[in-house]
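**Q**
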Ligand SMILES: Nc1nc2c(ncn2[C@@H]2O[C@H](COP(=O)(O)OP(=O)(O)O)[C@@H](O)[C@H]2O)c(=O)[nH]1
Ligand SMILES: [Mg+2]
């Protein structure tokens with residue numbers, strides 16, 4: 001199951017259709033160690049969950065066709081400082097590179113939720129990223145018996161900082177991971193579309209059927 005909060009109403013996407021041919025999006029995955037950043041990345045790239053990933057920081061490029069349009073995802077699977085004063089700090093190098101953020105915590109690990117909280121603040125305080133698209137992901141939803149962070153807390157954090165929110169299990173399903181990346185892509189494309197007055201709504205909570213009802217892949 002996926003729990004989602006969408007930060008703003010979509011606008012402009014339809015108007016872009018037919019005009020735009022190739023889209024490139026730089027996506028940065030952040031979060032504490034061991035929350036499943038690499039698992040999410042590898043799931044998206046290969047559809048597989050392989051279990052152990054090692055501590056490697058990599059940028060992957062992945063091309064796909066969505067709604068007939070060529071999309072190139074550049075995905076930076078990061079290793080962030082975990083302890084001390086630097087925990088949750090995001091470097092300028094990361095901030096400058098990315099078009100949108102996926103902030104991952106484990107629903108079984110409260111400390112990892114706190115890291116995401118600090119990272120959200122860090123992003124929203126960075127001048128260039130005040131309104132950058134951010135999706136918060138509570139991963140390891142399959143481990144309900146070890147849950148330490150409620151869905152409500154995740155959803156509230158997302159609402160307070162105008163972020164999207166999903167709870168997923170990279171271990172259990174590919175589809176939840178796909179929805180996260182595609183939703184962020186949509187938000188990135190919106191930020192590139194000139195806005196005509198509409199401020200949009202915050203915190204629109206959509207149902208599962210709305211999430212899965214959209215046919216996004218070919
Ligand atoms: N049960 C469960 N384990 C997961 C899930 N996602 C990742 N893991 C495991 O959590 C550990 C850390 O994952 P990894 O992707 O390396 O985390 P990273 O340090 O954030 O990149 C690995 O043992 C994964 O197999 C999930 O959704 N459910
Ligand atoms: Mg990793």
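Residue numbers (UniProt numbering): 1 to 218. Each residue gets a CB set at the ideal place from its N, CA and C atoms; glycine is no exception. Since the structure is predicted, the reported quantities are computational estimates derived from the model, not experimental observations.
In the DSSP output, which residue or residues are listed as bridge partners for residue 76?
**A** DSSP output for residue 76 lists 28 and 59 as bridge partner(s).
**Q** Going by C-alpha distance, which of 79, 22, 108 and 110 is nearest residue 69?
**A** Taking only the C-alpha atoms, the option nearest residue 69 is 22.
**Q** Measuring from each Cβ to the nearest heavy atom of ligand 2, keep the ones under 7 Å and list them in chain order.
**A** Having a Cβ closer than 7 Å to some heavy atom of ligand 2 are 37, 38, 53, 55, 56, 77 and 79.
**Q** Roughly how many angstroms lie between the CA atoms of residue 64 and residue 77, to the nearest whole one?
**A** One C-alpha to the other measures close to 19 Å.
**Q** Assuming contact is defined by CB atoms lying nearer than 9 Å, are residue 31 and residue 150 in contact in what I supplied?
**A** Result no, Cβ atoms of residue 31 and residue 150 do not sit closer than 9 Å.
**Q** Suppose you measure from the CA of residue 220 to the CA of residue 177; what does that come to, to the nearest Å?
**A** Because the chain spans 1 through 218 in this model, residue 220 falls outside it and cannot be assessed.
**Q** Once you ignore the five residues that flank residue 120 on each side, which residues in its own chain have a CB closer than 6 Å to its CB?
**A** Closer than 6 Å at Cβ, skipping near neighbours: 161.
**Q** Counting along the chain, where does the beta strand (DSSP E) carrying residue 103 start and finish?
**A** Taken as a continuous stretch (DSSP letters only), the beta strand (DSSP E) holding residue 103 covers 100-106.
**Q** In chain order, what residues of the same chain have a beta carbon less than 8 Å from the beta carbon of residue 35, not counting five sequence neighbours either side?
**A** Excluding residues within five positions, the ones whose Cβ falls inside 8 Å are 104, 105, 106, 109, 112, 139 and 140.
**Q** CB residue 136 to CB residue 166, shorter than 9 Å?
**A** Contact flag set, yes.
**Q** On the criterion of 16 or more Cβ atoms from any shown chain inside 10 Å, does residue 17 qualify as buried, or is it exposed?
**A** Caution is warranted here: a pLDDT of 49 is assigned to residue 17, below 50, making its placement in the model unreliable, and no coordinate value can be reported.
**Q** Could you give the residue range of the alpha helix (DSSP H) that holds residue 34?
**A** No alpha helix (DSSP H) contains residue 34, which DSSP labels as neither H nor E.
**Q** Tell me the rounded alpha-carbon separation between residue 118 and residue 88.
**A** Between residue 118 and residue 88, the C-alpha separation is close to 5 Å.
**Q** What distance in whole Å lies between the Cβ atoms of residue 122 and residue 102, which are believed to be in contact at a cut-off of 8 Å?
**A** Between residue 122 and residue 102 the Cβ distance is about 15 Å, and since that is not below 8 Å, they are no contact.
**Q** What's the C-alpha gap between residue 29 and residue 57?
**A** Residue 29 and residue 57: Cα-Cα distance of roughly 10 Å.
**Q** Have a look at 94, 128, 25 and 46 and flag the residue whose alpha-carbon is nearest the alpha-carbon of residue 171.
**A** Per the Cα distances, 46.
**Q** What's the gap between the Cα of residue 33 and the Cα of residue 94?
**A** One C-alpha to the other measures close to 17 Å.
**Q** At a cut-off of 8 Å, would you count residue 87 as near ligand 1, judging by its Cβ distance to the nearest heavy atom?
**A** Flag unset: Cβ of residue 87 not near ligand 1.
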